[in-house]
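S.K.: Residue numbers (our numbering): 815 to 1143. Even glycine gets a Cβ: it sits at the ideal position worked out from N, Cα and C. Mind looking over this structure? Questions follow.
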């Protein structure tokens, strides 16, 4: 690309910080501003050319930013920010409440079509890269079954959800896949597995002083779309233990499809996996690649909400089509 894509970031938690680092590795992008609900002066950012702006002033940047990357949580931030910011900017977000994606898509799509912007929603690795692999595997092996396993790792969306519970000062959540279930799937028998048979969810919570821990535990375990369908364990710990033992953010997982082809019903297995030292940094890297795609799609005259299913892979790369055919095809 001959010109740099001007990027803005909304939110400066782990995902926002990872996005700053991912933009640094993208020569065709320039970070213009970070928008926050906090006092801008309270953010410690070692980027002298990047403005830190209160979110209330975001409208002033419509002509200064090509793509806005939304780094808020899916529980409460994105349902509000996604449609609102699609009025003003091309946007990318990592909305990951799977059951509510159709509803969220519709809310963003209506606004983005009216404003003439492109908003790519639910970008990351699941939903995102895993979604693409589920689609491809099903298309290639129609007679079969898809299985998705997450972890062992720290989930950003679920950790954000537990931190929103009244009485929780801080906390994290780990998703742990069942090894026995994975091996059954890899054997090609295509077992029927319940949600609880595939994963456990383990939470480590720092409670506010005087908070009702039993109430907190019950609210977490019964939370729809996050914990209600899982074997969920809630552990209460101190801030010191949380900082010492749960500051890293590893994650990963598998998408596996087992199926049969041909008259002889030959067994076929497709597997895609990730092993991540840093979940937020990897997710941020995916967001930044799709920001490039949103910029290209907008310049083609497209508008409305999109998902990873709608984006040609070639739009993710800064390299020319000629280079990609030569080196990667």
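Take the Cβ of residue 997 as the centre, count every other Cβ of all protein chains shown within 10 Å, and call the residue buried at 16 or more, exposed below.
M.R.: Numbered from its first residue, the chain shown carries residue 997 at position 183. Classification of residue 997: exposed, given that the 10 Å Cβ count is below 16.
S.K.: Which parts of the segment 1038-1126 are runs of the alpha helix (DSSP H), unbroken and 4 residues or longer, counting only runs that do not cross its ends?
M.R.: 1053-1059, 1093-1113
S.K.: Can you give the Cα-Cα distance for residue 815 and residue 1138, rounded to whole angstroms?
M.R.: Working through the chain shown from its first residue, we reach residue 815 at position 1. Working through the chain shown from its first residue, we reach residue 1138 at position 324. Since pLDDT at residue 815 reaches only 45, below the 50 mark, its modelled position is unreliable, and no value is offered.
S.K.: Go ahead and label residue 954 buried or exposed: buried means 16 or more other beta carbons lie within 10 angstroms of its beta carbon, across all protein chains shown.
M.R.: Here residue 954 refers to the residue found at position 140 when the chain shown is read from its first residue. Only exposed fits residue 954, as fewer than 16 other CB atoms lie within 10 angstroms of its CB.
S.K.: Measuring straight from C-alpha to C-alpha, what distance separates residue 817 and residue 851?
M.R.: Numbered from 1 along the chain shown, position 3 holds the residue referred to as residue 817. Numbered from 1 along the chain shown, position 37 holds the residue referred to as residue 851. Taking the straight line from one Cα to the other gives about 30 Å.
S.K.: Please identify the residue among 957, 963, 859, 1116 whose C-alpha is closest to the C-alpha of residue 1074.
M.R.: Taking the chain shown and counting its residues from 1, one reaches residue 1074 at position 260. Answer by Cα proximity: 957.
S.K.: Is it right to say residue 1026 is buried, meaning 16 or more other beta carbons lie within 10 angstroms of its own, or is it exposed?
M.R.: Taking the chain shown and counting its residues from 1, the one referred to as residue 1026 is at position 212. So residue 1026 ends up on the exposed side.
S.K.: With the cut-off set at 8 Å, would you say residue 888 and residue 874 are in Cβ contact?
M.R.: Mapped onto the chain shown, residue 888 falls at position 74. Mapped onto the chain shown, residue 874 falls at position 60. Going by C-beta atoms, residue 888 is not nearer than 8 Å to residue 874.
S.K.: Assign residue 991 to one of three DSSP states: helix, strand, or coil.
M.R.: Taking the first residue of the chain shown as position 1, residue 991 is located at position 177. Strand.
S.K.: Please report how far the alpha carbon of residue 1125 lies from the alpha carbon of residue 1116, in whole angstroms.
M.R.: On the chain shown, position 311 is the one that residue 1125 refers to. On the chain shown, position 302 is the one that residue 1116 refers to. If I take the Cα positions, the gap works out to 11 Å.
S.K.: Buried or exposed, going by whether 16 or more other CB atoms sit within 10 Å of the CB of residue 868?
M.R.: Numbered from 1 along the chain shown, position 54 holds the residue referred to as residue 868. Flag for residue 868 reads exposed.
S.K.: Can you tell me which of 1050, 1111, 1016, 1010 puts its alpha carbon nearest to the alpha carbon of residue 1029?
M.R.: The sequence position of residue 1029 within the chain shown is 215, counting from 1. Closest option to residue 1029, Cα to Cα, is 1050.
S.K.: Taking buried to mean at least 16 other C-beta atoms within 10 Å of its own C-beta, is residue 937 buried or exposed?
M.R.: Position 123 of the chain shown, counting from 1, holds the residue named residue 937. Per the 10 Å Cβ criterion, buried.
S.K.: Since residue 925 and residue 903 are thought to touch, with beta carbons under 8 Å apart, how far apart are those beta carbons, to the nearest angstrom?
M.R.: Along the chain shown, one-based indexing puts residue 925 at 111. Along the chain shown, one-based indexing puts residue 903 at 89. Not quite, the Cβ-Cβ distance comes to about 11 Å (not below 8 Å), so this is no contact.
S.K.: If you compare alpha carbons, which of 1085, 838, 1092, 827 is closest to residue 999?
M.R.: Locating residue 999 in the chain shown gives position 185, where the first residue counts as 1. Nearest neighbour of residue 999 by Cα position, chosen from 1085, 838, 1092, 827, turns out to be 1085.
S.K.: Consult DSSP for residue 815 and reduce its assignment to one of helix, strand or coil.
M.R.: Residue 815 sits at position 1 when you count from the first residue of the chain shown. Confidence at residue 815 is low in this model, with a pLDDT of 45, below 50, so its placement is unreliable and no value can be given for it.
S.K.: Can you give the beta carbon distance from residue 872 to residue 848, rounded, assuming they're within the 8 Å contact cut?
M.R.: In the chain shown, counting from the first residue as 1, residue 872 sits at position 58. In the chain shown, counting from the first residue as 1, residue 848 sits at position 34. 11 Å between Cβ atoms; not a contact.
S.K.: List the DSSP bridge partners of residue 843.
M.R.: Here residue 843 refers to the residue found at position 29 when the chain shown is read from its first residue. For residue 843, which the question treats as bridged, DSSP gives the partners 819.
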